[in-house]
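Be aware that the sequence shown starts at 45, since it is given in our numbering, and climbs by one per residue. Yeah, the Cβ is synthetic: ideal placement off N, Cα and C, and Gly gets one too. For clarity, every value in this text was computed on a predicted model and none was experimentally measured.
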Amino acid sequence: MCDHHEHAPTDLEAPEPQAADAAAPQEEHEKGRADFDSDEAYQLYCLRHSAAHVLAQAILQIWPEARLAFGPPIQDGFYYDIDIPGVTISEDDLPRIEAEMKKVVKQNQEFEQEYWTKEEAIRYFADHGQVFKVEHVGRLPVEKVSIYRNRRKDGGEFVDLCGGPHVRRTRQARHFKLLKVSGAYWLGDSNNPQLQRVYGTVWPTREQLDQYLYRLEEARKRDHRKLGHQLDLFMFHDWAPGAPFWLPRGEFIYTLLANRMRELLAGEGYDVVKTPLVFDKKLFETSGHWEHYQENLFHFPEGHYTEETQDAEQAHRILALKPMNCPSHMLIFRSKKRSYRDLPLRIHDQGVLHRNELRGTLSGLTRVRQFQQDDAHLFVAEDQIADEVGTLLSLVDRIYSAFGMTVEVNLATRPEKKLGDDALWDRAEAALREALDASGRPYGVHEGDGAFYGPKIDFDVFDALGRAHQCATVQLDFNLPRRFELSYVGADNQPHVPVVIHRAIFGSFERFIAILIEHYGGNFPTWLAPEQVRVMTVSEKSLPHGRAVTEALQAAGCRVHFDDGDDKIGYKIKMCHGMKVPYMAIIGEKEQEQGTVSIRSRDEGDLGSMPVDAFVARVVAESALPF
Ligand SMILES: [Zn+2]
Ligand SMILES: [Zn+2]
Numbered sequence: 045m046c047d048h049h050e051h052a053p054t055d056l057e058a059p060e061p062q063a064a065d066a067a068a069p070q071e072e073h074e075k076g077r078a079d080f081d082s083d084e085a086y087q088l089y090c091l092r093h094s095a096a097h098v099l100a101q102a103i104l105q106i107w108p109e110a111r112l113a114f115g116p117p118i119q120d121g122f123y124y125d126i127d128i129p130g131v132t133i134s135e136d137d138l139p140r141i142e143a144e145m146k147k148v149v150k151q152n153q154e155f156e157q158e159y160w161t162k163e164e165a166i167r168y169f170a171d172h173g174q175v176f177k178v179e180h181v182g183r184l185p186v187e188k189v190s191i192y193r194n195r196r197k198d199g200g201e202f203v204d205l206c207g208g209p210h211v212r213r214t215r216q217a218r219h220f221k222l223l224k225v226s227g228a229y230w231l232g233d234s235n236n237p238q239l240q241r242v243y244g245t246v247w248p249t250r251e252q253l254d255q256y257l258y259r260l261e262e263a264r265k266r267d268h269r270k271l272g273h274q275l276d277l278f279m280f281h282d283w284a285p286g287a288p289f290w291l292p293r294g295e296f297i298y299t300l301l302a303n304r305m306r307e308l309l310a311g312e313g314y315d316v317v318k319t320p321l322v323f324d325k326k327l328f329e330t331s332g333h334w335e336h337y338q339e340n341l342f343h344f345p346e347g348h349y350t351e352e353t354q355d356a357e358q359a360h361r362i363l364a365l366k367p368m369n370c371p372s373h374m375l376i377f378r379s380k381k382r383s384y385r386d387l388p389l390r391i392h393d394q395g396v397l398h399r400n401e402l403r404g405t406l407s408g409l410t411r412v413r414q415f416q417q418d419d420a421h422l423f424v425a426e427d428q429i430a431d432e433v434g435t436l437l438s439l440v441d442r443i444y445s446a447f448g449m450t451v452e453v454n455l456a457t458r459p460e461k462k463l464g465d466d467a468l469w470d471r472a473e474a475a476l477r478e479a480l481d482a483s484g485r486p487y488g489v490h491e492g493d494g495a496f497y498g499p500k501i502d503f504d505v506f507d508a509l510g511r512a513h514q515c516a517t518v519q520l521d522f523n524l525p526r527r528f529e530l531s532y533v534g535a536d537n538q539p540h541v542p543v544v545i546h547r548a549i550f551g552s553f554e555r556f557i558a559i560l561i562e563h564y565g566g567n568f569p570t571w572l573a574p575e576q577v578r579v580m581t582v583s584e585k586s587l588p589h590g591r592a593v594t595e596a597l598q599a600a601g602c603r604v605h606f607d608d609g610d611d612k613i614g615y616k617i618k619m620c621h622g623m624k625v626p627y628m629a630i631i632g633e634k635e636q637e638q639g640t641v642s643i644r645s646r647d648e649g650d651l652g653s654m655p656v657d658a659f660v661a662r663v664v665a666e667s668a669l670p671f
């Protein structure tokens with residue numbers, strides 16, 4: 045079973061808390077410095093945890109009848125789940141809550157920890173109408189529970205059930221901002237009462253808070269769904285949920301990336317193939333997907349299926365749309381007698397994949413039902429793993445640096461529950477370490493994070509806003525070759541089982557393009573821009589020269605659009621600006637007379653007038669593919 049094609053857990057949207065946060069806010073042991081990778085991570089955890097208490101106290105000041113559920117720290121902030129009978133909090137209420145939080149901060153209350161017996165805690169929270177706290181204390185498998193108390197200047201106090209840790213005083217949590225309100229369910233179960241979740245962020249310094257808010261605002265402005273519409277890249281229709289329509293400009297980018305990758309891999313010794321979309325379910329029974337992944341497969345009976353024949357379903361073969369390419373590549377490997385001289389065999393396939401994702405989880409290009417990947421499977425002998433992976437590491441670097449993105453690498457090693465003996469894992473992990481060491485780059489190790497069928501290398505790709513995405517994959521697989529009974533004849537004339545390496549560099553084109561749109565904020569570099577130059581005339585008099593400039597650019601292979609309409613030049617410029625075209629070539633009477641073009645660069649502003657040849661040469665130079 046191969047899960048490397050799963051949509052990566054990181055999303056382009058604001059990070060959602062892990063379910064575990066809500067389910068187990070009070071752990072059986074108190075967190076300490078040792079639970080965190082760095083001092084900074086530990087301090088942020090304390091800070092965010094503390095801000096959640098400040099938020100809860102403020103809410104109780106405004107709505108004393110509010111019932112508190114859980115309020116954990118999350119990535120970049122915190123939230124608190126609450127229920128206020130008869131009151132729905134809206135974003136308009138956030139300033140009022142913030143004002144109350146500021147009072148709590150200003151009082152610089154201490155976080156005082158105490159241990160109460162469960163009976164004491166249940167009595168206290170019952171007396172204060174905190175039904176969720178009562179329920180939670182009752183379930184805790186401990187004799188004493190940890191309590192944090194904040195004393196208010198007015199003689200009141202705020203007491204919360206919490207394992208900590210916290211900052212010492214509330215003033216440390218002063219650089220905060222509330223962000224939004226959404227719905228949640230008690231214990232994350234939709235059969236339970238619905239709660240309101242108030243989100244906030246908090247940072248050690250004002251500067252860090254401002255930077256974070258700036259990044260949030262930028263991310264909102266760069267949202268690929270918004271820019272995809274504005275730039276005419278793609279669309280969706282309700283009759284094809286999760287399946288993008290690629291409009292000409294988006295299709296151009298898609299095909300450019302796909303073709304370049306195909307060409308590059310062919311040059312690296314990959315065999316490029318196309319494989320069927322529809323398979324007998326036997327393929328997926330063999331691969332294990334039918335058993336473990338069936339709910340994500342689109343499947344249907346073979347033949348002409350009508351109401352009259354539906355009872356005959358048993359007689360039909362069941363067909364399924366492939367959710368990934370790996371199983372079909374196993375069939376290609378198995379179709380011939382293979383020898384060690386055929387290895388490594390590298391099969392590249394950009395086939396269309398379908399996954400029956402739930403409608404509610406679909407989101408722009410980041411979570412779709414139909415997509416393609418720059419997918420490949422390498423069939424290697426064990427002693428070829430290090431070399432192959434070394435080549436992949438440099439390929440990943442080369443390609444992501446072309447986009448101005450940085451990559452962080454981690455080795456994920458054997459989990460407890462695993463397939464294959466320890467000696468095999470020893471050799472495979474050693475081969476990956478060898479490749480990583482030889483690459484000369486720093487890398488981390490995620491102990492126990494490998495898949496049950498093999499170790500892998502995790503790549504975190506960082507975009508212009510510093511957000512991490514998981515796109516590239518290098519996953520070793522000891523399982524599929526065995527399920528498909530693959531073998532090759534070794535130099536010793538004996539049969540051997542190859543190791544399969546699942547690998548992708550972009551991952552899915554859909555998701556990667558979403559990342560690119562947001563990374564560039566829609567300002568694609570000249571080499572990637574679907575429209576590189578828009579030639580626009582000031583008046584009818586400059587039409588002949590405008591046409592000549594357009595033709596000169598076209599002849600040089602540039603992607604150019606000629607705006608020869610009657611609109612005022614100011615309007616033409618505004619329209620072009622909205623489409624984020626790298627260059628505007630403005631043709632007025634002066635340019636017509638002198639045989640020049642007046643150039644406005646999207647990134648560098650007004651470049652003045654220049655000879656047509658010089659401008660064409662500039663665009664051609666910038667059109668060279670950087671990878
Ligand atoms: Zn706490
Ligand atoms: Zn695969």
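Member of the options whose CA lies at the smallest distance from the CA of residue i
i: Asp-465; options: Ala-479, Val-440, Pro-499 and Val-453; result: Pro-499
i: Lys-265; options: Glu-529, Phe-122 and Leu-509; result: Leu-509
i: Gly-313; options: Gly-404, Glu-432, Pro-588 and Lys-197; result: Glu-432
i: Glu-164; options: Val-203, Pro-486 and His-490; result: Val-203
i: Tyr-444; options: Leu-560, Lys-150 and Cys-90; result: Leu-560
i: Ser-586; options: Ala-310, Phe-606 and Glu-491; result: Phe-606
i: Ala-310; options: Arg-390, Pro-288, Asp-608 and Leu-437; result: Arg-390
i: Tyr-497; options: Glu-478, Gly-488, Val-489 and Ala-472; result: Ala-472
i: His-336; options: Lys-325, His-268 and Asp-137; result: Lys-325
i: Asn-567; options: Gln-87, Asp-171, Leu-275 and Pro-209; result: Leu-275
i: Gln-678; options: Gly-609, Gly-614 and Val-577; result: Limits of the chain in this structure are 45 at one end and 671 at the other, which puts residue 678 out of reach.
i: Glu-142; options: Ala-78, Gly-76, His-219 and Asn-152; result: His-219
i: Ala-512; options: Ala-263, Ser-372 and Trp-334; result: Ala-263
i: Asp-608; options: His-589, Pro-626, His-621 and Val-625; result: His-589
i: Met-654; options: His-563, Glu-635, Ala-665 and Glu-648; result: Glu-635
i: His-373; options: Ala-170, Leu-321 and Lys-75; result: Leu-321
i: Gln-252; options: His-563, Glu-84 and Val-453; result: Glu-84
i: Ser-190; options: Asp-171, Asp-198, Ile-166 and Lys-197; result: Ile-166
i: Asp-198; options: Gly-182, Lys-150, Glu-156 and Leu-205; result: Lys-150
i: Asn-340; options: Arg-411, Ala-302, Tyr-298 and Glu-346; result: Arg-411
i: Ala-420; options: Ile-501, Arg-547, Asn-303 and Asn-400; result: Arg-547
i: Arg-250; options: Ile-118, Asp-79, Gln-338 and Arg-215; result: Arg-215
8 Å Cβ cutoff met for residue i and residue j
i: Val-593; j: Gly-632; result: no
i: Val-440; j: Gln-416; result: no
i: Val-225; j: Val-211; result: no
i: Ser-642; j: Cys-602; result: no
i: Val-656; j: Gly-639; result: yes
i: Glu-575; j: Met-619; result: no
i: Phe-672; j: Gln-514; result: Nothing about residue 672 can be read from this structure; the chain reaches only from 45 to 671.
i: Met-279; j: Leu-271; result: no
i: Glu-554; j: Leu-387; result: no
i: Ala-96; j: Phe-122; result: yes
i: Thr-517; j: Asp-493; result: no
Backbone CA spacing between residue i and residue j [nearest angstrom]
i: Ser-134; j: Thr-570; result: 44 Å
i: Lys-630; j: Leu-572; result: Inspection of the sequence shows that residue 630 is occupied by Ile rather than by Lys. For Ile-630 and Leu-572, the distance between alpha carbons rounds to 22 Å.
i: Glu-71; j: His-273; result: In this prediction, Glu-71 has a pLDDT of 47, which is less than 50 and means its spatial position is unreliable; what the coordinates show is noted afterwards. Rounded to whole angstroms, Glu-71 to His-273 spans 45 Å at the Cα level.
i: Arg-527; j: Ser-331; result: 6 Å
i: Tyr-159; j: Arg-193; result: 11 Å
i: Glu-109; j: His-93; result: 22 Å
i: Val-579; j: Val-663; result: 13 Å
i: Asp-611; j: Glu-584; result: 11 Å
i: Phe-176; j: Ala-287; result: 42 Å
i: Ile-184; j: Asn-235; result: The residue you asked about is not Ile; residue 184 is Leu in the sequence shown. Using only the alpha carbons, I get a separation of about 21 Å.
i: Pro-367; j: Gly-173; result: 50 Å
i: Glu-179; j: Ile-126; result: 14 Å
i: Leu-365; j: Leu-375; result: 16 Å
i: Ala-600; j: Arg-646; result: 21 Å
i: Arg-644; j: Gly-484; result: 43 Å
i: Arg-442; j: Val-451; result: 10 Å
i: Asp-315; j: Ser-82; result: 45 Å
i: Gly-434; j: Gly-488; result: 16 Å
CB contact below 8 Å: residue i versus chain B
i: Gln-240; result: The displayed structure is made up of one protein chain only, and chain B is not part of it.
Practice task
Tell me the start and end of each unbroken beta strand (DSSP E) in the stretch 427-470 that is at least 3 residues and wholly inside, in chain order.
Solution key: 450-456
Handout entry: Whole beta strand (DSSP E) elements within the stretch 143-196, 3-residue minimum
Key = 156-161 and 188-195
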